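In the working numbering, the protein residues as written are 1218 to 1412.
By construction, the Cβ of each residue, glycine as well, lies at the ideal position given by its N, Cα and C atoms.
Here the structure is a predicted model, which is why all the values come from computation and not from measurement.
Note sheet for the following structure.
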């Protein structure tokens, strides 16, 4: 059985993005959905895993579902919009994508950025803004004397974003410094023979 959900039916069913398939929607509907996602301020801290799964689906299917990329752009732009709002309120220097446990899922946000940049869907200003946000987040989030170093999920969940960002922003000094911390975490894991 195939169920096709139209735009008006979406409201009745209260479906939540991302949808399992966007191919049934017109370009106009996709643009409207992406704009709604952008203005809805979806979760960006401690989670947001569904957006990373949508990206994975897009890549695994050969990058052919262009509507999925538009939806991901709506999600990503909501992050930049929140930063802009913080700046206009005089709190831009406090905006942080990596605050402790809320950093879980940050690897997915970096991967979404990387794919959007790769596909030419971000302006130079948008790319520079995300670079700045991530650099600022690194500076705000990691007091190395206070960080936990143990074999459990917390250090690994909170360091996924920086680990992926090392590939995306290889020249960022904060990430070069953080690489040493990631190496320490890895050694902690391998010392216990868990690899």
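Taking its Cβ as the centre, do 16 or more other Cβ atoms sit within 10 Å of residue 1251, making it buried, or is it exposed? On the chain shown, residue 1251 is found 34 positions in, with the first residue counted as 1. Classification of residue 1251: buried, given that the 10 Å Cβ count is 16 or more.
Residue 1284 and residue 1245: beta carbons closer than 9 Å? Reading the chain shown from its first residue, position 67 is the one you call residue 1284. Reading the chain shown from its first residue, position 28 is the one you call residue 1245. No; because the gap between Cβ atoms is not below 9 Å, this pair is not in contact.
How far does the alpha helix (DSSP H) with residue 1311 in it extend, from its first residue to its last? Along the chain shown, read from residue 1 onward, the residue named residue 1311 stands at position 94. No alpha helix (DSSP H) contains residue 1311, which DSSP labels as neither H nor E.
For the alpha helix (DSSP H) holding residue 1233, just list the boundary residues, first then last. Sequence index remark: in the chain shown, residue 1233 carries index 16 (1-based). From DSSP, residue 1233 is part of no alpha helix (DSSP H); its letter is neither H nor E.
Check whether the segment 1255 to 1264 and the segment 1312 to 1331 touch, using three or more Cβ-Cβ pairs below 8 Å as the test. yes
With C-beta atoms as the reference, is residue 1373 less than 9 Å away from residue 1315? Here residue 1373 corresponds to residue number 156 of the chain shown, with the count starting at 1. Here residue 1315 corresponds to residue number 98 of the chain shown, with the count starting at 1. Cβ atoms of residue 1373 and residue 1315: not closer than 9 Å.
Can you tell me which of the three DSSP states residue 1338 falls into? By 1-based counting over the chain shown, the position of residue 1338 is 121. Reduced to three states, the DSSP call for residue 1338 is coil.
Under three-state DSSP, which class holds residue 1360? Residue mapping note: residue 1360 aligns to position 143 of the chain shown, counting from 1. Reduced to three states, the DSSP call for residue 1360 is coil.
Compare the C-alpha of residue 1291 against each of 1375, 1254 and 1249 and name the closest. Here residue 1291 refers to the residue found at position 74 when the chain shown is read from its first residue. Closest option to residue 1291, Cα to Cα, is 1254.
In chain order, what residues of the same chain have a beta carbon less than 6 Å from the beta carbon of residue 1402, not counting five sequence neighbours either side? Position 185 of the chain shown, counting from 1, holds the residue named residue 1402. The residues are 1372.
Residue 1337 versus residue 1353: straight-line alpha-carbon distance, rounded: Stepping through the chain shown from its first residue, residue 1337 is reached at position 120. Stepping through the chain shown from its first residue, residue 1353 is reached at position 136. So the two alpha carbons sit approximately 24 Å from each other.
So residue 1268 and residue 1235 are supposed to be a Cβ contact under 8 Å. How far apart are they, rounded? Walking along the chain shown from the start, residue 1268 turns up at place 51. Walking along the chain shown from the start, residue 1235 turns up at place 18. The Cβ separation is near 7 Å, so the contact holds.
Segment limits, alpha helix (DSSP H) that includes residue 1390: If you number the chain shown from 1, residue 1390 lands on position 173. Start and end: 1390 to 1408.
Closest Cα partner of residue 1281 within the set 1299, 1294, 1239 and 1328: Here residue 1281 refers to the residue found at position 64 of the chain shown. Out of 1299, 1294, 1239 and 1328, 1239 has the C-alpha closest to the C-alpha of residue 1281.
Considering only their Cβ atoms, is the gap separating residue 1347 from residue 1297 smaller than 9 Å? On the chain shown, residue 1297 is found 80 positions in, with the first residue counted as 1. On the chain shown, residue 1347 is found 130 positions in, with the first residue counted as 1. Against a cut-off of 9 Å, the Cβ pair of residue 1347 and residue 1297 comes out as a contact.
Going by CA-CA distance only, name the one from 1343, 1275 and 1295 that's closest to residue 1256. Counting from one through the chain shown, the residue named residue 1256 turns up at place 39. It is 1295.
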